[in-house]
Amino acid sequence: MPELPEVEIIRLGLQKYLVGRKIEDVEVRVPKIFVGDKKNVIGATITGLNRIGKGLIIELDNDFVLAVHLKMTGQLVYVDNKIKGPILSPKVGGEKLPSKYSHIIFTLDNNSFLYYNDLRRFGWIKVVRKDKLMQIPFFKELGPEPLKDLTLKKFKDIVLKSNLVIKVLLMDQKKIGGIGNIYANDALFEARIDPRRSAKQISPEEIERLYKAILKVLQKGLDYGGSSDENFVNALGQKGNYQKHTLVYGRAGETCPVCGGIIQKIKLGGRGTYFCSKCQH
Ligand SMILES: [Zn+2]
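My numbering puts the sequence shown at residues 198 to 478.
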């Protein structure tokens, strides 16, 4: 699933290509993904791109916005005359767009297109009035997010009040926005904290270490253009590189980069959890 760095990379790319483009048509091939009336966006010009947690907002020059959540496998890929189109792996829809996974197609002026592809079809695009955006449950319930409004003080409060194990808490979007499985695993390794520990039993010093670790791994994710171990591609359909630089995520059975022990994989809250039992306490 795209996490904060991946959605931010998509936002930055789309901002470069979409701002100023007019939406000429919207083809909805899978109705359940597109919520709202496409008449409210056809004819509108895109004025900006925002991100809230893992959600993406396409701002328009009328009273509406397009709110997008990519969920597990969603992609937003821009193609125009100069950019010939990405070479996507067959796994995510073949080499040419539109593919069988292109469920929503925006035709823009200047002979350009924005494709919403989604292998597993869990994502959504909602047409919503600007003043009603924050009433969408996902946005309304979202916790503060790192690199934005999650201060160390807020983070300490959230951790010490929680009854969850720390890794499950880090991924709970209602408590903290933007962190998913990849960066939760790596942040806990970076902070040398065992992912199975009860959040409220973590010491103030450890919480501070974890806070810094979260910021560090998310920034690293941004610097490497996101993580593409599954379906993530940027606005031009290109893969990121963080997956080559993960600390423990996806590395079960490999050697720990710090102690030389073996990285283990267990399930925690239903998700694959990677850690080094020698380094993380
Ligand atoms: Zn180790």
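Ideal Cβ positions, reconstructed from N, Cα and C, are used throughout, including at glycine.
Note that the coordinates shown come from a computational prediction; the quantities given were computed from them, not determined experimentally.
(message) Is any non-hydrogen atom of ligand 1 found closer than 7 Å to the C-beta of V265, if you look at the structure I gave you?
(response) no
(request) Compute the minimum distance between the beta carbon of K475 and the heavy atoms of ligand 1, and state whether it is under 7 Å. (result) Checking the Cβ of K475 against ligand 1 gives yes.
(request) Enumerate in chain order the residues of its own chain whose CB-to-CB distance from R389 is below 7 Å, with the five nearest sequence positions on each side excluded. (result) C476, Q477, H478
(message) Among the candidates N428, I249, V238, L361, whose CA atom is the shortest distance from the CA of P343?
(response) I249
(message) Between which two residues does the alpha helix (DSSP H) holding Q212 run?
(response) Segment 201-215, the alpha helix (DSSP H) holding Q212.
(message) Distance check for T470 and T452, CA to CA, integer angstroms please.
(response) 16 Å
(request) Grab me the residues of R394's own chain with a C-beta within less than 6 Å of its C-beta, minus the 5 sequence neighbours each way, in chain order. (result) Cβ within range, chain order: I363.
(message) Suppose you measure from the CA of V265 to the CA of G467; what does that come to, to the nearest Å?
(response) Distance between the alpha carbons of V265 and G467 is about 25 Å.
(request) Check V262 in the structure and name its three-state DSSP category. (result) strand
(message) Could you compute how far the alpha carbon of V414 sits from the alpha carbon of L294?
(response) Near 33 Å, if we compare the C-alpha coordinates of L294 and V414.
(request) Please check the pair K251 and P199, which I expect to be a contact at CB under 8 Å, by giving their CB distance rounded to whole angstroms. (result) 6 Å
(request) Just the C-alpha distance for A278 and Q212, rounded to the nearest angstrom, thanks. (result) Position check: residue 278 holds Asn in this sequence, whereas Ala was assumed. Cα to Cα, N278 sits roughly 18 Å from Q212.
(message) In whole angstroms, give me the CA-to-CA distance for G374 and P454.
(response) 28 Å
(request) Kindly list the residues whose CB is nearer than 8 Å to the CB of I460, restricted to its own chain and excluding five residues on each side of it in sequence; keep chain order. (result) V445, R448, A449, G450, E451, T452, C453, Y471, F472, C473
(message) Please state whether the Cβ-Cβ distance between I239 and D222 is less than 8 Å.
(response) yes
(request) Please name the residue in F231, L407, N382 whose C-alpha comes closest to that of Y312. (result) F231
(request) Would you tell me roughly how many angstroms separate the C-alpha atoms of M269 and I399, rounded to the nearest one? (result) If I take the Cα positions, the gap works out to 30 Å.
(message) Between L465 and V365, how many whole angstroms is the CB-CB distance? I'm expecting something under 8 Å.
(response) 6 Å
(request) Pull up the distance between the alpha-carbon of K345 and that of I302, whole angstroms please. (result) 32 Å
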